[in-house]
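In this note's numbering, the protein residues as written are 221 to 628. Structure, as structure tokens:
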Ligand code: UD1
Ligand code: CA
């Protein structure tokens, strides 16, 4: 089996996003776009990922700290996608295997699709293979130009298309596999002869064809997988598609999502069997939900939330950085932040943990089988012993509990 690496292009300035944040760090369902691209590559056994960064490169690198399969490659001037590939030359000039080339702004790429691309490439013994998509609206994408026998002649960028080429619906989502040596040879020959004076990787493909090497395309990309993120509008489109995937996977696994359209679940969330997610629930960040829970409607679960089995959260409950043990119920209007809540605790309507004292956040510990009446304010730091009963409307501080203890 040939050795395989990936080059991921992520150096662009992303002027169309109009952003200070490097484009590939913009989040899709809670994870930076680039994370999905890296995972898709790993999913087909790529062990070295050459990520080309430029604009905001240090920030990107920092966001992926602790990942040792990435080689960060600097492209100081953004002179086009072929130029970006060439910035990896020092690492890859002697590499004899296959090189995947993907873009950091294509988070919808999937390992299954890459597997099809690899399969086609190897079966055809091609020098380069493109995975393509057929779109109803191909505007903005490079078009795949084929001759009347169906052979690929090249890729023409949207801006450079002749009128009849604009009607071509087969596009280049920028998912390529190359014979590495042929890739670098061709990229070096690319000229910036286009309106933007950029070195286009798509021209390298045309070069490879012109020198007589075999280039093939496999129409393996579903339209919704082809979306590249160049604008905030496309970011929201990509996020919506990703959201559908996340929910589909959860439903396949055994989670009920009553209304997918009004529910938003972070890519990092884990949810157990037979849990029901009611409409208008927003799960954001690293959240773990056990089995048999009922969440929502209108629940907001934030990073660090852990729900054990059979927890019930109702309308307008917000949970952050807290563990709720088995059987906890908070059915109406509650905020629980930085707390450990024991088994079978009942949190009454409108009760909250006051976890921030103006300077720092403090922890609340609520023992097993406690009853917290409606409208209670639990001022952290606070420890409630197992079985405590808090009357409705009480403001509870550690001081008041200690005081009570002395009287008893
Ligand atoms: C590119 C393709 C186009 C394809 C589309 C799919 C080219 C010339 N065009 O167009 O055929 O349909 O993707 O989404 O390749 N980048 C660098 N360094 C540079 C320039 C770009 O790293 O000097 C990176 C960008 O950060 C981005 C990627 O390359 O992640 C693609 O660049 P972008 O400008 O977004 O190209 P598109 O116009 O989308
Ligand atoms: Ca793009």
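Heads up, the beta-carbon is just placed ideally off N, CA and C, and yes, glycines get one too.
ask   = What do you reckon, is the C-beta of residue 357 under 7 Å from a heavy atom of ligand 2?
value = Residue numbering aside, residue 357 sits at position 137 when the chain shown is read from its first letter. Answer for residue 357: no, Cβ out of range of ligand 2.
inquiry  = Within a Cβ cutoff of 6 Å, which residues of the same chain sit near residue 303, ignoring the five residues on either side of it in sequence?
reply    = Against the chain shown, residue 303 aligns to sequence position 83. Answer for residue 303: 419, listed in chain order.
key: Closer than 5 Å: residues whose CB approaches a heavy atom of ligand 3   = No copy of ligand 3 occurs in the structure displayed; its ligands are ligand 1 and ligand 2 alone.
query = So what does DSSP say about residue 419, is it helix, strand or coil?
reply = Within the chain shown, the letter at position 199 stands for residue 419. Residue 419 falls in the coil class under three-state DSSP.
query = Skipping 5 residues on each side, what residues in its chain have a beta carbon closer than 6 Å to that of residue 507?
reply = Here residue 507 is taken as the residue at index 287 of the chain shown, counted from 1. Excluding positions up to five away in sequence, the list reads 489, 521, 525.
Cα-Cα separation, residue 402 to residue 347 = Walking along the chain shown from the start, residue 402 turns up at place 182. Walking along the chain shown from the start, residue 347 turns up at place 127. Each residue's Cα considered, the two are about 7 Å apart.
request  = Note the first and the last residue of the continuous alpha helix (DSSP H) segment covering residue 470.
outcome  = One-based indexing of the chain shown puts residue 470 at position 250. It spans 452-473 - the alpha helix (DSSP H) in which residue 470 sits, taken as one unbroken run.
ask   = To the nearest angstrom, how far is it from the Cα of residue 540 to the Cα of residue 573?
value = Along the chain shown, read from residue 1 onward, the residue named residue 540 stands at position 320. Along the chain shown, read from residue 1 onward, the residue named residue 573 stands at position 353. Computed Cα separation, rounded: 11 Å.
Burial state of residue 270 (16 or more Cβ within 10 Å) = Counted from its first residue, the chain shown places residue 270 at position 50. Looking at its Cβ environment, which holds 16 or more other Cβ atoms inside 10 Å, residue 270 is buried.
For residue 255 and residue 249, the rounded distance between their alpha carbons = Here residue 249 refers to the residue found at position 29 of the chain shown. Here residue 255 refers to the residue found at position 35 of the chain shown. The alpha-carbon atoms of residue 249 and residue 255 are separated by roughly 11 Å.
inquiry  = Would residue 492 and residue 529 be called neighbours here (beta carbons separated by less than 8 Å)?
reply    = Here residue 492 corresponds to residue number 272 of the chain shown, with the count starting at 1. Here residue 529 corresponds to residue number 309 of the chain shown, with the count starting at 1. Yes, these two residues count as a Cβ contact at 8 Å.
query = Where DSSP assigns a beta bridge to residue 552, which residues make up the other side?
reply = Sequence index remark: in the chain shown, residue 552 carries index 332 (1-based). Note: residue 552 sits in a beta bridge opposite 535.
task = Just the C-alpha distance for residue 384 and residue 362, rounded to the nearest angstrom, thanks.
result = Position 164 of the chain shown, counted from the start, is the residue given in the question as residue 384. Position 142 of the chain shown, counted from the start, is the residue given in the question as residue 362. When rounded, the distance between both Cα atoms is 14 Å.
ask   = In angstroms, rounded to a whole number, what distance separates the CA positions of residue 538 and residue 509?
value = As a working note, residue 538 is residue 318 in the chain shown. As a working note, residue 509 is residue 289 in the chain shown. If I take the Cα positions, the gap works out to 14 Å.
task = Measure from the alpha carbon of residue 614 to the alpha carbon of each residue in 568, 252, 308, 320, then state which is nearest.
result = In the chain shown, counting from the first residue as 1, residue 614 sits at position 394. Of the listed residues, the one whose Cα sits closest to residue 614 is 568.
request  = Keeping to the same chain, check which residues put their C-beta closer than 6 Å to that of residue 570; ignore five residues upstream and five downstream.
outcome  = In the chain shown, counting from the first residue as 1, residue 570 sits at position 350. Counting only Cβ-Cβ distances below 6 Å, and skipping sequence neighbours, we find 553, 594, 595.
message = Checking the sheet assignment: what are the DSSP bridge partners for residue 501?
response = Translated into the one-based positions of the chain shown, residue 501 becomes position 281. Paired residue(s): none; residue 501 is not in a bridge.
request  = Could you pull the start and end residues of the alpha helix (DSSP H) that residue 256 belongs to?
outcome  = In the chain shown, residue 256 corresponds to position 36, counting from 1. Unbroken alpha helix (DSSP H) run through residue 256: 253-262.
request  = Given a cut-off of 8 Å, decide if residue 242 and residue 275 are closer than it, judged by their beta-carbon atoms.
outcome  = Numbered from 1 along the chain shown, position 55 holds the residue referred to as residue 275. Numbered from 1 along the chain shown, position 22 holds the residue referred to as residue 242. A contact, by the Cβ cut-off of 8 Å.
ask   = Does at least one heavy atom of ligand 1 sit under 7 Å from the Cβ of residue 614?
value = Residue mapping note: residue 614 aligns to position 394 of the chain shown, counting from 1. No, Cβ of residue 614 sits at least 7 Å from all heavy atoms of ligand 1.
request  = Give the range of the alpha helix (DSSP H) segment to which residue 400 is assigned.
outcome  = Looking up residue 400 in the chain shown gives position 180. Counting along the chain, the alpha helix (DSSP H) containing residue 400 begins and ends at 400-409.
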